[in-house]
Amino acid sequence: METQLWTLWWVWCAAALVLAILEVLVPGFVFLGFAIGAGFTGLLLLATGAAWGLPLLLLIFAGISLAAWLLLKRFFALPKGQVKKFHHDIND
């Protein structure tokens with residue numbers, strides 16, 4: 717019997733690495749949240765050795781990704797009113 721690709725822990729960890737690299741190119745915490753979700757899913761598969769089905773793995777991935785994204789937005793986003801606005805050009 718052939719092993720399904722989504723049940724392999726290293727596939728999830730490789731996806732986490734790709735998503736983390738993508739976050740460097742397109743910042744905004746979205747891909748970093750997905751990377752954290754994929755990384756934790758891979759570590760969960762490695763630690764338990766369970767061969768869960770795709771729907772359960774996607775649910776775990778989505779839940780962890782959402783929680784990670786919300787925490788990243790809360791702790792690392794700029795506070796309200798922190799945007800500096802310039803009303804005149806310093807070169808004038």
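Per my numbering, the sequence shown starts with residue 717, numbered consecutively.
Heads up, the beta-carbon is just placed ideally off N, CA and C, and yes, glycines get one too.
Here the structure is a predicted model, which is why all the values come from computation and not from measurement.
Continuous alpha helix (DSSP H) assignments of at least 4 residues falling wholly in the region 754 to 789: none
Residue burial classification, Gly-765 (beta-carbon count within 10 angstroms, cutoff 16): exposed
Three-state secondary structure assigned by DSSP to Ala-731: helix
Anticipated Cβ contact below 8 angstroms, Leu-735 with Phe-747, distance rounded: 5 angstroms
Through-space distance from Gly-758 to Lys-800, alpha-carbon basis: 41 angstroms
Beta carbon of Gly-769 nearer than 8 angstroms to that of Ala-732: Taking a C-beta distance under 8 angstroms as the contact criterion, Gly-769 and Ala-732 do not qualify as a contact pair.
Exposure label - Trp-785; buried when at least 16 CB within 10 Å: buried
Cut-off 8 angstroms between Cβ atoms - residues of its own chain near Leu-721, not counting five sequence neighbours on either side: These residues qualify, in order along the chain: Val-727.
CA-to-CA distance, Leu-794 to Leu-704, given in whole angstroms: Residue 704 falls outside the range modelled here, since the chain spans only 717 to 808, and no answer is possible.
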